[in-house]
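Number of protein chains: 2
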Amino acid sequence: MAVGAKAGQERDRDAVARVLEHLRARFGERLQTGHAVREQHGHTTTYIPTQAPDGVFFPESIAEVQEAVRLCAEHRVPVIPFGAGSSLEGHVNAPAGGLCLDMGRMNRVLAVRQEDLDCTVEPGITREELNHHLRDTGLFFPIDPGANASLGGMAATRASGTNAVRYGTMRENVLSLTAVMADGRVVRTARRARKSSAGYDLTRLLVGSEGTLGVICELTLRLHGIPQAISGGICPFPSVEAACQAVIATIQMGIPVARMELVNALGMQAINRYSGLGYPDSPCLFLEFHGTEASVAEQAEMFGEIAEEFSGGPFNWAREAEARQRLWKARHDFYWAGFTLRPGTKGLATDVCVPISRLAECIVETEADIAETGLVAPIVGHVGDGNFHVTVLMDMDDSEEVARAERFVGRLNRRALAMEGTCTGEHGIGQGKMRYLEEEHGTAGVDMMRAIKKALDPLNIMNPGKIIDPASG
Amino acid sequence: MAVGAKAGQERDRDAVARVLEHLRARFGERLQTGHAVREQHGHTTTYIPTQAPDGVFFPESIAEVQEAVRLCAEHRVPVIPFGAGSSLEGHVNAPAGGLCLDMGRMNRVLAVRQEDLDCTVEPGITREELNHHLRDTGLFFPIDPGANASLGGMAATRASGTNAVRYGTMRENVLSLTAVMADGRVVRTARRARKSSAGYDLTRLLVGSEGTLGVICELTLRLHGIPQAISGGICPFPSVEAACQAVIATIQMGIPVARMELVNALGMQAINRYSGLGYPDSPCLFLEFHGTEASVAEQAEMFGEIAEEFSGGPFNWAREAEARQRLWKARHDFYWAGFTLRPGTKGLATDVCVPISRLAECIVETEADIAETGLVAPIVGHVGDGNFHVTVLMDMDDSEEVARAERFVGRLNRRALAMEGTCTGEHGIGQGKMRYLEEEHGTAGVDMMRAIKKALDPLNIMNPGKIIDPASG
Chain A
1 MAVGAKAGQE RDRDAVARVL EHLRARFGER LQTGHAVREQ HGHTTTYIPT QAPDGVFFPE
61 SIAEVQEAVR LCAEHRVPVI PFGAGSSLEG HVNAPAGGLC LDMGRMNRVL AVRQEDLDCT
121 VEPGITREEL NHHLRDTGLF FPIDPGANAS LGGMAATRAS GTNAVRYGTM RENVLSLTAV
181 MADGRVVRTA RRARKSSAGY DLTRLLVGSE GTLGVICELT LRLHGIPQAI SGGICPFPSV
241 EAACQAVIAT IQMGIPVARM ELVNALGMQA INRYSGLGYP DSPCLFLEFH GTEASVAEQA
301 EMFGEIAEEF SGGPFNWARE AEARQRLWKA RHDFYWAGFT LRPGTKGLAT DVCVPISRLA
361 ECIVETEADI AETGLVAPIV GHVGDGNFHV TVLMDMDDSE EVARAERFVG RLNRRALAME
421 GTCTGEHGIG QGKMRYLEEE HGTAGVDMMR AIKKALDPLN IMNPGKIIDP ASG
Chain B
1 MAVGAKAGQE RDRDAVARVL EHLRARFGER LQTGHAVREQ HGHTTTYIPT QAPDGVFFPE
61 SIAEVQEAVR LCAEHRVPVI PFGAGSSLEG HVNAPAGGLC LDMGRMNRVL AVRQEDLDCT
121 VEPGITREEL NHHLRDTGLF FPIDPGANAS LGGMAATRAS GTNAVRYGTM RENVLSLTAV
181 MADGRVVRTA RRARKSSAGY DLTRLLVGSE GTLGVICELT LRLHGIPQAI SGGICPFPSV
241 EAACQAVIAT IQMGIPVARM ELVNALGMQA INRYSGLGYP DSPCLFLEFH GTEASVAEQA
301 EMFGEIAEEF SGGPFNWARE AEARQRLWKA RHDFYWAGFT LRPGTKGLAT DVCVPISRLA
361 ECIVETEADI AETGLVAPIV GHVGDGNFHV TVLMDMDDSE EVARAERFVG RLNRRALAME
421 GTCTGEHGIG QGKMRYLEEE HGTAGVDMMR AIKKALDPLN IMNPGKIIDP ASG
């Protein structure tokens with residue numbers, strides 16, 4: 001990977017030393033420069049090689065983030081915000097070195113407002129911690145990207161996951177952000193009103209900006225009432241096409257499905273093996289319905305009829321928590337289940353998203369491509385949104401295979417773009433997908449992003465080498 | 001109103017003449033410079049005085065918009081995009097003169113994709129025209145700001161209205177925009193995928209930008225399935241507080257209400273008089289539920305129980321289209337009904353939005369303020385979102401009364417801001433609310449908007465004098 005290598009060579013060692021010296025004098029142990037800590041903070045869950053920062057600072061307040069960012073601005077040293085480290089496209093790598101801000105100590109719930117169905121949290125709290133905190137309120141935060149990611153990181157990458165078809169993504173569920181911008185000023189992007197027409201949408205500009213415009217320090221999030229009842233189940237289909245037709249019909253009927261996940265035949269094989277389940281090795285939809293007792297029964301029955309129409313089924317659904325939890329545990333273990341197909345490999349997890357009318361075609365072509373390329377790569381999809389993931393199980397010691405996998409990912413992205421889709425539905429651009437951004441947005445679109453980046457971070461210190469290179473173009 | 005007066009004095013008559021001359025030579029009658037047409041295009045539905053443009057051009061293609069924008073850029077002449085002219089804060093005024101682009105001839109439906117539940121339209125089509133076009137598809141576009149606004153204008157002002165509590169605002173329902181930017185380049189902000197994490201959210205940056213960053217030339221919109229069944233009705237409450245408590249309980253219960261509108265006692269008096277209805281002159285909620293036959297009955301019954309808990313009711317609801325249409329006709333006639341309270345006056349329509357926990361307090365304080373100020377001003381609210389409107393019925397010949405009304409609007413905005421709300425939930429900033437923007441976003445927030453404006457429109461030709469003044473600050 002050549003990403004950021006040039007910038008890396010240019011790093012100013014003296015400037016970095018001055019920043020680290022200042023922070024150590026001010027904060028002692030809260031600045032870490034040991035090899036292991038630095039490597040861990042450059043670590044990503046993809047195959048992209050680690051590029052460690054020069055130091056890791058653990059701020060405990062907005063004022064400390066401001067101090068660190070101002071110091072870095074003064075010395076032209078990169079600032080790399082770090083949440084839980086579960087991002088997938090090299091977002092937390094430090095190709096030009098610099099200071100990692102590990103937001104993990106800023107993990108408090110600052111307010112829960114039950115009447116307004118919202119809360120304000122610090123960025124380091126994870127979604128599981130937040131939902132644990134909310135357990136007695138009757139409310140929950142629905143966005144579930146699989147990993148137990150931090151809320152700050154989820155906002156930064158515009159994360160979504162299994163519930164997005166009903167509850168939306170981070171785009172829809174962040175009411176307001178407080179961020180330290182590249183010049184050290186604090187911006188609060190919006191008040192707590194559910195909607196506003198007051199000026200440019202600064203909230204949505206920062207959601208998905210991957211730390212390249214500012215450091216998210218507080219989030220005000222929409223919460224949702226825990227549904228009175230939940231039903232769910234697994235439904236097998238004879239083909240990916242049949243499953244996708246059922247998905248389209250379900251959405252057209254207006255069934256307010258909460259989760260609708262497709263696992264392809266290879267993926268079901270892995271899940272069955274890993275979780276000791278006895279489902280058929282054919283494409284399956286995992287479904288969940290939220291509502292009143294009457295409504296979740298009605299929704300499940302309506303879906304069952306649709307499935308039958310497209311030769312799917314039987315659709316066995318249940319309202320009991322235990323049965324549903326077993327089902328979703330199996331779905332969430334998909335990533336780990338994959339390795340049973342090829343132990344000892346590393347998973348390259350990539351995602352694209354297309355209009356749902358093109359989803360079956362896109363998955364079927366991708367399955368054929370995987371077979372032709374000689375890769376082992378199960379597929380799972382948040383199909384209600386047209387979003388799917390491919391996990392390529394690679395032998396990292398076989399450079400020819402890695403190169404083959406990379407070329408496959410290139411074809412996958414271009415296939416999605418050719419179908420009016422996007423090169424990433426929820427993982428983000430990071431380093432790994434920078435090459436596809438211009439193909440997706442055109443030169444004019446990327447130039448517009450570049451103009452915004454230059455206007456808000458003229459020194460290019462905020463997470464440089466991610467999304468766009470402001471110097472090119 | 002001093003808004004834009006300074007810029008107006010600076011206008012370069014020769015530059016304007018050159019632009020108009022060029023366009024007349026190229027397009028003949030599609031450039032209009034007559035007094036009546038110009039006045040009509042500076043006309044707004046508020047009390048803000050008309051500031052007419054120097055000419056009105058009716059483009060018929062993106063290429064023609066590009067040509068006009070490039071010409072205006074070359075001569076430093078303002079460009080003011082115009083949809084249906086139903087905006088409320090002086091958005092289409094031309095304080096520094098310039099060229100109005102009336103998008104009314106670009107009003108085609110370019111594609112309807114039933115499987116994807118989306119469509120692509122030109123900006124001049126109105127929401128009623130779009131829904132008429134969709135009538136045989138089983139789909140509809142839900143955003144209904146009251147006026148038969150153009151879709152381009154609705155995106156530009158981040159419009160919403162009665163259905164937003166269930167279906168979201170323009171923010172959630174625009175998938176992608178094609179816009180001509182200030183330098184004449186065409187940007188398509190996104191593909192058609194339901195979600196994407198690919199780079200900065202250019203779509204949401206343009207939604208709500210009020211023509212100050214670019215001219216919207218195409219919109220790809222989310223559509224929704226027409227619900228199988230609809231139920232609805234009116235429910236009286238003893239007080240605004242009781243009605244708001246019922247609203248909060250309804251949302252906390254997760255009832256997926258489609259519309260939930262509050263009309264205060266004075267508003268009900270006007271509606272009863274105007275529409276010949278016999279409802280009590282006490283605060284009422286207008287409700288609508290969408291879903292299956294079983295679900296809309298269940299939702300209405302659940303709401304009825306909640307209403308009773310807060311001393312409201314009786315809640316008489318119906319599934320018959322005729323009864324519901326009469327009800328919503330009465331609600332939609334609210335603006336006109338107001339004038340029965342004080343014939344011969346002009347309505348100053350303003351809106352704010354607060355967290356719903358503060359809504360009752362905000363409305364009650366506002367009612368007291370109206371009484372103390374000696375104004376006649378009914379209130380209606382999209383209360384599921386915490387958004388409400390006040391229509392001040394003013395004698396425009398009484399300058400003292402107009403000044404009193406303006407001071408009242410100032411207090412209303414500051415009241416909403418003090419309750420963590422916004423100075424506009426759906427009307428936008430335009431000219432009328434520029435003074436409140438910095439109070440809402442702080443200097444750092446407005447400076448961030450200013451930096452974006454300067455980066456994307458360095459000559460300040462795109463709808464100048466609206467939202468922010470890039471030269472100040």
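Chains A and B, in that order, are what the protein sequence lines are.
According to UniProt numbering, the stretch in the first sequence is residues 1 to 473, in order.
According to UniProt numbering, the stretch in the second sequence is residues 1 to 473, in order.
We put the CB at the ideal spot given by N, CA and C, even for glycine.
Per the coordinates, the alpha-carbon of V37 (chain B) lies some 24 angstroms from the alpha-carbon of A349 (chain B). Around the beta carbon of A471 (chain B), fewer than 16 other beta carbons lie within 10 angstroms, which makes this residue exposed.
Annotated three-state conformation of G42 (chain B) is helix, per DSSP. Pairing E122 (chain B) with P256 (chain B), the inter-Cα distance amounts to about 31 angstroms. Counting only residues of its own chain and dropping the five nearest sequence neighbours on each side, I306 (chain A) has a CB closer than 6 angstroms to the CB of A246, A249 and T250.
Per DSSP, reduced to three states, the secondary structure at H332 (chain A) is helical. DSSP links Q32 (chain A) through a beta bridge to A:V56.
DSSP lists no beta-bridge partner residue for C244 (chain B). For Q252 (chain A), the neighbours in chain B by C-beta distance under 9 angstroms run, in chain order, Q114, E115, L117, G138, L139 and G225.
Not one beta carbon of chain A lies nearer than 9 angstroms to the beta carbon of Q431 (chain B). Counted as a single uninterrupted DSSP element, the alpha helix (DSSP H) harbouring F408 (chain A) occupies residues S399 to A418. Ranking B:V180, B:P227, B:F339 and B:L456 by CA distance to the CA of V69 (chain B) puts B:V180 first.
With respect to chain A, the C-beta atom of N387 (chain B) has a partner C-beta closer than 9 angstroms. If you draw a 10 Å sphere on the C-beta of S87 (chain A), you find 16 or more other C-beta atoms in it, and that means buried. Within the stretch 254-312 of chain B, the alpha helix (DSSP H) runs of at least 4 residues that lie entirely inside it are, in chain order, 265-275 and 293-309. For a Cβ distance threshold of 9 angstroms, nothing in chain B lies close to M394 (chain A): the least Cβ distance comes to about 23 angstroms.
Residue pairing for E218 (chain A): DSSP places it in a beta bridge opposite A:T178.
As the crow flies, the alpha-carbon of T45 (chain B) is around 27 angstroms from that of V109 (chain B). Rounded to the nearest angstrom, the gap between the Cα atoms of V56 (chain A) and C100 (chain A) is 5 angstroms.
For R171 (chain A), no beta strand (DSSP E) encloses it; the enclosing alpha helix (DSSP H) starts and ends at M170 to N173. Put simply, of A:I363, A:E365, A:F82 and A:P49 the residue whose alpha carbon is nearest the alpha carbon of G214 (chain A) is A:F82. Within the stretch 345-364 of chain A, the residues whose Cβ lies closer than 7 angstroms to any Cβ of chain B are, in chain order, C353, V354, P355, I356 and S357.
Put simply, the CB of T126 (chain A) is far from chain B, with every gap to its CB atoms at 9 angstroms or more. Nearest to L221 (chain A) by C-alpha distance, out of A:E367, A:R127, A:Y200 and A:A229, is A:R127. Contact between M103 (chain A) and G124 (chain A) holds: CB atoms are separated by about 4 angstroms, below the 8 angstroms threshold.
The C-beta separation of K195 (chain B) from S209 (chain A) comes to about 16 angstroms, leaving the pair out of contact by the 8 angstroms criterion. Taken in chain order, the members of the stretch 256-267 of chain A whose beta-carbon sits within less than 8 angstroms of a beta-carbon on chain B are P256. Rounded to the nearest angstrom, the gap between the Cα atoms of R191 (chain B) and E426 (chain A) is 14 angstroms. Out of A:Y200, A:A265 and A:L23, the CA that lies nearest to the CA of H441 (chain B) is found in A:Y200.
Considering only B:G344, B:E89, B:G386 and B:F408, the residue with the shortest C-alpha distance to A371 (chain B) is B:F408. Within 10 angstroms of the beta-carbon of R411 (chain B) lie fewer than 16 other beta-carbons, which makes it exposed.
Residue state for H133 (chain B) is assigned as helix, using DSSP reduced to three classes. In the displayed model, S150 (chain A) falls within a strand according to three-state DSSP. Interface criterion not met: the Cβ of Q66 (chain B) is under 9 angstroms from no Cβ in chain A. Think of a sphere of 9 angstroms around the beta carbon of D398 (chain B): no beta carbon from chain A falls inside it, the nearest being about 30 angstroms out. In the three-state scheme derived from DSSP, where H, G and I count as helix and E and B as strand, G90 (chain B) is classed as coil.
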